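> Provided herewith is a single structure, encoded as structure tokens, for subsequent inquiry.
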Amino acid sequence: MRFLFPLLFLTSLGAALAAPATVTVRAGDTLYKIATRAGTTVARLKATNGLNSDIIRVGQVLRLSGPPTPPAAAGTYTVKAGDTLNGIARQYGVSVTALKAGNSLRSTALTIGQRLKLPPRTPTAAPRPTTEVRVVYRYVRVGLRDTPQVLAQRYRLNLEQLRRLNGLGSYKHIVPGKKLLVPSHMPVPIPPAPQRDPVTFKRLSPLNIPVQIANVDLRWRNVLVTPVLPGRALAFNRGARVSELARQSGARVLVNGSYFHPQSYAPAGDIVTQGRLLTWGRIPLALAITPDNRATIRPSAAALLGRPLDSTWTGMETVVATGPRILNGGQVVTRYSTAFRDPALFGRAARSAVGLVSNRDLVLVSTHAKLTITEMGKLMTRLGVRDALLLDGGSSAGIAWNGRAVLDSVRRVSYGIGVFTGYQGRRYAR
Numbered sequence: 005m006r007f008l009f010p011l012l013f014l015t016s017l018g019a020a021l022a023a024p025a026t027v028t029v030r031a032g033d034t035l036y037k038i039a040t041r042a043g044t045t046v047a048r049l050k051a052t053n054g055l056n057s058d059i060i061r062v063g064q065v066l067r068l069s070g071p072p073t074p075p076a077a078a079g080t081y082t083v084k085a086g087d088t089l090n091g092i093a094r095q096y097g098v099s100v101t102a103l104k105a106g107n108s109l110r111s112t113a114l115t116i117g118q119r120l121k122l123p124p125r126t127p128t129a130a131p132r133p134t135t136e137v138r139v140v141y142r143y144v145r146v147g148l149r150d151t152p153q154v155l156a157q158r159y160r161l162n163l164e165q166l167r168r169l170n171g172l173g174s175y176k177h178i179v180p181g182k183k184l185l186v187p188s189h190m191p192v193p194i195p196p197a198p199q200r201d202p203v204t205f206k207r208l209s210p211l212n213i214p215v216q217i218a219n220v221d222l223r224w225r226n227v228l229v230t231p232v233l234p235g236r237a238l239a240f241n242r243g244a245r246v247s248e249l250a251r252q253s254g255a256r257v258l259v260n261g262s263y264f265h266p267q268s269y270a271p272a273g274d275i276v277t278q279g280r281l282l283t284w285g286r287i288p289l290a291l292a293i294t295p296d297n298r299a300t301i302r303p304s305a306a307a308l309l310g311r312p313l314d315s316t317w318t319g320m321e322t323v324v325a326t327g328p329r330i331l332n333g334g335q336v337v338t339r340y341s342t343a344f345r346d347p348a349l350f351g352r353a354a355r356s357a358v359g360l361v362s363n364r365d366l367v368l369v370s371t372h373a374k375l376t377i378t379e380m381g382k383l384m385t386r387l388g389v390r391d392a393l394l395l396d397g398g399s400s401a402g403i404a405w406n407g408r409a410v411l412d413s414v415r416r417v418s419y420g421i422g423v424f425t426g427y428q429g430r431r432y433a434r
């Protein structure tokens with residue numbers, strides 16, 4: 005499958021009739037676009053606004069001309085009663101250090117009537133942006149009054165792009181009620197700097213239990229966590245072992261997924277992949293991940309309501325409903341949802357689990373050691389995990405690294421959870 009890198013779109017207010025002194029960033033702008041319209045260069049624009057990178061945010065006000073720092077403080081200042089060096093420095097936009105150095109002062113003591121030379125004002129760094137606008141694809145339902153022309157204009161496409169994006173033979177297939185894939189410009193938090201490799205794999209023995217552990221750093225933009233199916237459609241799913249799923253998908257790490265029907269292989273809970281709700285069920289909690297890789301454990305609205313809605317898992321790219329919850333805020337959970345009634349679940353068995361150290365640190369664990377649910381919770385705590393959900397276990401438990409099973413599942417499973425690095429494709433949201 006061929007993919008395209010996610011694009012970053014940041015925008016600005018168009019030029020006014022008279023050359024404006026500032027411009028406000030709006031969705032779609034880049035520094036290059038703003039500089040071109042203003043008749044300046046990116047380098048000058050960055051210097052004028054004290055920018056250290058090309059990242060700008062929606063709503064940010066940029067100066068189009070003028071010096072990169074406030075004008076120099078002119079002349080001298082005569083000390084009055086009540087003045088302090090710190091107060092004078094703050095009033096004239098200079099540092100105390102520069103004020104002392106410019107006047108050969110050895111202390112901050114001042115005398116009334118003393119004349120101080122005012123140094124040039126200290127440059128004020130532009131505030132570091134905290135959000136960015138990214139192009140995320142989502143599915144929208146065609147309304148009664150929507151025409152192909154209206155939809156194309158609304159989502160900044162031409163008709164041919166809209167048709168090709170959705171694999172349509174002609175525009176006649178764009179009818180009310182149909183779902184179409186469209187690009188959306190979404191403001192998202194700028195991810196913090198990565199703290200380690202995208203994925204690390206270890207064999208450890210916490211509490212003298214041999215386990216296989218994959219740590220995923222979701223701060224990397226090109227990491228993708230997603231369900232991996234044996235085939236293209238759930239309707240023809242006949243299951244596959246963890247080793248087969250890993251080999252076919254090319255996932256860097258793959259662990260078995262959650263529960264499923266033993267004959268039809270239909271998953272028992274919600275699954276969202278590429279922003280599409282593939283299945284829903286009665287499992288009350290799920291691992292949910294946004295297209296900018298923020299992970300959380302959340303309740304399933306479909307499980308609570310007994311049916312899914314169009315708003316189910318809004319904003320999420322990946323969802324895997326599983327459980328029961330074995331860790332909550334670093335504490336081992338010992339009372340479980342009544343949705344889990346199978347007696348085999350509560351005996352000793354091989355185990356797999358998914359956990360979060362933070363919303364950017366994902367942990368996948370599998371062991372063929374026979375453990376109770378409580379013992380698995382204690383093991384996850386020892387690994388530094390704060391919140392965790394049990395995955396399917398017993399003969400389904402398995403994990404693969406670099407396309408080869410380290411612990412293979414004994415039986416075929418409905419799906420796996422794969423981690424891909426270097427992902428260059430579109431990002432999606434419900």
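Sequential numbering from 5 applies to the sequence shown in this note's numbering.
The beta-carbon is built from N, C-alpha and C at its ideal position, and this holds for glycine as well.
Being a predicted model, the structure only gives us computed values, none of them experimental.
1) Quick check: the Cα distance between residue 153 and residue 187, rounded to an integer number of angstroms?
2) From this set, 49, 67, 160 and 299, which residue's C-alpha is nearest residue 320's C-alpha?
3) DSSP on residue 100, reduced to helix/strand/coil?
4) So residue 309 is in the alpha helix (DSSP H); what residue range does that whole segment cover?
5) Which of the three DSSP states is assigned to residue 157 in this structure?
6) Within the chosen definition, does the segment 158 to 165 reach the segment 91 to 107 through at least 3 CB pairs nearer than 8 Å?
7) Count the C-beta pairs between the segment 189 to 197 and the segment 133 to 145 that are closer than 8 Å, then say yes if the count reaches three, no if not.
8) Residue 214 to residue 341, Cα distance in whole Å?
9) Below 8 Å on the Cβ atoms is my contact criterion, and I expect residue 149 with residue 195 to pass it. Report the Cβ-Cβ distance as a whole number of Å.
10) By how many angstroms is the C-alpha of residue 307 removed from the C-alpha of residue 368?
11) Among the residues of its own chain, which have a CB less than 6 Å from the CB of residue 392, if the five just before and after it don't count?
12) Runs of 4 residues minimum, wholly inside the segment 254 to 315: which ones carry the alpha helix (DSSP H) assignment?
13) Work out the CA separation of residue 124 and residue 115 for me, nearest whole Å.
14) Using the rule of at least 16 other Cβ atoms within 10 Å of the residue's Cβ for burial, across every protein chain shown, is residue 180 buried or exposed?
15) Determine the DSSP secondary structure at residue 59, reduced to helix, strand or coil.
16) Taking the straight line between their C-alpha atoms, what separation do you get for residue 75 and residue 59?
17) If you draw a straight line from the alpha carbon of residue 354 to that of residue 212, how long is it in whole angstroms?
18) Just list the residues that DSSP pairs residue 89 with in beta bridges.
19) Tell me whether residue 181 sits in a helix, a strand or coil according to DSSP, three-state version.
20) With residue 62 and residue 31 assumed to form a contact (beta carbons below 8 Å), what rounded beta-carbon distance in angstroms separates them?
21) Please report the residue range of the beta strand (DSSP E) in which residue 403 lies.
22) With the cut-off set at 8 Å, would you say residue 323 and residue 373 are in Cβ contact?
23) List, from N- to C-terminal side, the alpha helix (DSSP H) runs of 4 residues or more that fit wholly inside the segment 330 to 389.
24) How is the alpha helix (DSSP H) around residue 41 delimited, first residue to last?
25) According to DSSP, which residues form a beta bridge with residue 219?
26) Could you tell me if residue 117 is buried or exposed, where buried requires 16 or more neighbouring beta carbons within 10 angstroms of its beta carbon?
27) Using DSSP bridges, identify the partner residues of residue 66.
28) What residue from 293, 246 and 141 has the CA that sits closest to residue 407's CA?
29) Does DSSP put residue 19 in a helix, a strand or coil?
30) Span of the alpha helix (DSSP H) holding residue 134?
31) Using only the alpha-carbon positions, how far apart do residue 259 and residue 143 sit?
32) If you check the beta carbons only, do residue 336 and residue 382 fall under 8 Å apart?
33) Taking Cβ to Cβ, would you say residue 100 is nearer than 8 Å to residue 93?
34) Please name the residue or residues paired with residue 394 in a DSSP beta bridge.
35) Quick one: grab the DSSP three-state call for residue 152.
36) Residue 417 and residue 261: beta carbons closer than 8 Å?
This is what the structure gives:
1) 15 Å
2) 299
3) helix
4) 305 to 309
5) helix
6) no
7) yes
8) 28 Å
9) That pair is no contact at about 39 Å.
10) 24 Å
11) 330, 331, 357, 359 and 384
12) 305 to 309
13) 23 Å
14) exposed
15) coil
16) The pLDDT assigned to residue 75 is 42, lower than 50, so where the model puts this residue is not dependable, and the model offers no usable value.
17) 15 Å
18) Answer by DSSP bridge pairing: none, since residue 89 is not bridged.
19) coil
20) 6 Å
21) 403 to 405
22) no
23) 377 to 386
24) 35 to 42
25) 204 and 367
26) exposed
27) 27
28) 246
29) With a pLDDT of only 31 at residue 19, under 50, the local geometry of the prediction cannot be trusted, and no value is derived from it.
30) Element bounds for residue 134: n/a, residue is neither H nor E.
31) 28 Å
32) yes
33) yes
34) 357
35) helix
36) yes
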